[in-house]
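For reference, the structure is listed below as structure tokens.
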Amino acid sequence: MKTLILFASKYGAAEKCANLLSEKLNGDVNIINLKENKNINLSDYDKVIVGCSIYVGNVQAEIKNFCDTNSVSLMAKPFGLFISCMTDKKDEINSYTEKSFSNELINHATIIDSLGAVFNFKKMNFFERQIVKMILNSKNKTDELNIKVDGKTNISTISDEKILKFASVMND
Ligand SMILES: Cc1cc2nc3c(=O)[nH]c(=O)nc-3n(C[C@H](O)[C@H](O)[C@H](O)COP(=O)(O)O)c2cc1C
């Protein structure tokens with residue numbers, strides 16, 4: 001059994017999710033960063049997991065394009081989709097995925113979930129820092145999150161529990 005985890009990541013959170021997930025999957029796992037390697041042969045794999053992150057409501061264009069171009073191959077095998085983002089809410093996660101992936105691929109997916117986010121304030125530019133602080137503070141006010149945000153200390157909400165659940169569904 002050979003599984004591909006194909007990801008795109010701006011600051012490393014989706015990459016971290018890919019690495020943590022690979023440790024929990026059965027069989028051989030190959031992890032590929034789509035921004036570094038575009039030469040991917042899906043017929044080499046029995047299962048495919050795609051991982052990406054969300055920026056102002058959108059997944060990385062490379063991931064969207066890859067899934068569109070390869071939808072026939074992806075539909076022919078077990079497929080999982082994880083996102084790294086700041087929400088845990090099902091309706092928000094659905095709105096992100098519906099915007100970027102075809103209904104056919106979404107319906108075909110064995111599992112779609114958010115595995116959590118990393119906020120690496122030191123790597124963000126000034127505007128990104130302001131956007132993230134603003135969104136996190138508004139989520140804190142509605143009790144969706146309870147995270148102390150000072151705009152300097154990095155935050156990780158990556159969930160071991162969600163990674164285990166994702167892996168066990170893909171291992172079935
Ligand atoms: C400028 C900016 C905009 C973001 N927009 C969203 C968003 O619209 N929704 C969301 O859930 N997360 C959003 N995030 C959070 C990222 O998706 C999260 O930090 C993720 O872990 C980044 O993963 P990466 O390092 O793999 O790219 C945003 C982060 C930044 C810096």
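Counted from 1, the sequence shown has number 83 at position 83 by our numbering; the numbering is strictly sequential.
Every residue gets a Cβ at the ideal spot worked out from N, C-alpha and C, and that includes glycine.
Owing to the predicted nature of the structure, the values given are computational and were not obtained by experimental measurement.
8 Å CB neighbourhood of residue i in its chain, flanking five on each side removed
i: residue 140; result: 146, 147 and 149
i: residue 79; result: 47, 48, 49, 50, 105, 108, 109 and 110
i: residue 71; result: 102, 104 and 105
i: residue 56; result: 131
i: residue 126; result: none
Close-in-space but distant-in-sequence residues of the same chain around residue i (CB under 7 Å, 5 per side omitted)
i: residue 25; result: 3, 167, 170 and 171
i: residue 34; result: 6, 7, 8, 62, 63 and 66
i: residue 129; result: 121 and 151
i: residue 54; result: 83, 85 and 96
i: residue 29; result: 3, 5 and 22
Cβ pair residue i, residue j closer than 8 Å
i: residue 22; j: residue 58; result: no
i: residue 135; j: residue 20; result: no
i: residue 112; j: residue 16; result: no
i: residue 32; j: residue 40; result: yes
i: residue 14; j: residue 52; result: yes
Given residue i as reference, the closest of the options once Cα atoms are compared
i: residue 154; options: 1, 124 and 44; result: 124
i: residue 87; options: 107, 112 and 117; result: 117
i: residue 12; options: 122, 126, 165 and 151; result: 122
i: residue 156; options: 75, 10 and 84; result: 84
i: residue 115; options: 98, 1, 90 and 27; result: 90
Contact set for residue i: own chain, Cβ-Cβ below 6 Å, skip 5 residues either direction
i: residue 142; result: none
i: residue 73; result: 42
i: residue 75; result: 108
i: residue 60; result: 8 and 52
i: residue 133; result: 149 and 151
Residue i: first and last residue of the uninterrupted beta strand (DSSP E) it sits in
i: residue 28; result: 28-33
i: residue 7; result: 2-7
Residue i beta carbon near ligand 2 (any heavy atom closer than 7 Å)
i: residue 53; result: The ligand content of the structure shown is limited to ligand 1, which means ligand 2 is not among them.
Residue i - containing alpha helix (DSSP H), residue span
i: residue 13; result: 13-22
i: residue 105; result: 103-108
List, from N- to C-terminal side, the alpha helix (DSSP H) runs of 4 residues or more that fit wholly inside the stretch 115-145. Correct list: 126-141.
Could you tell me which whole alpha helix (DSSP H) segments of length 4 or greater appear in the stretch 46-94? Counting only runs of 4 or more, we get 61-69 and 71-75.
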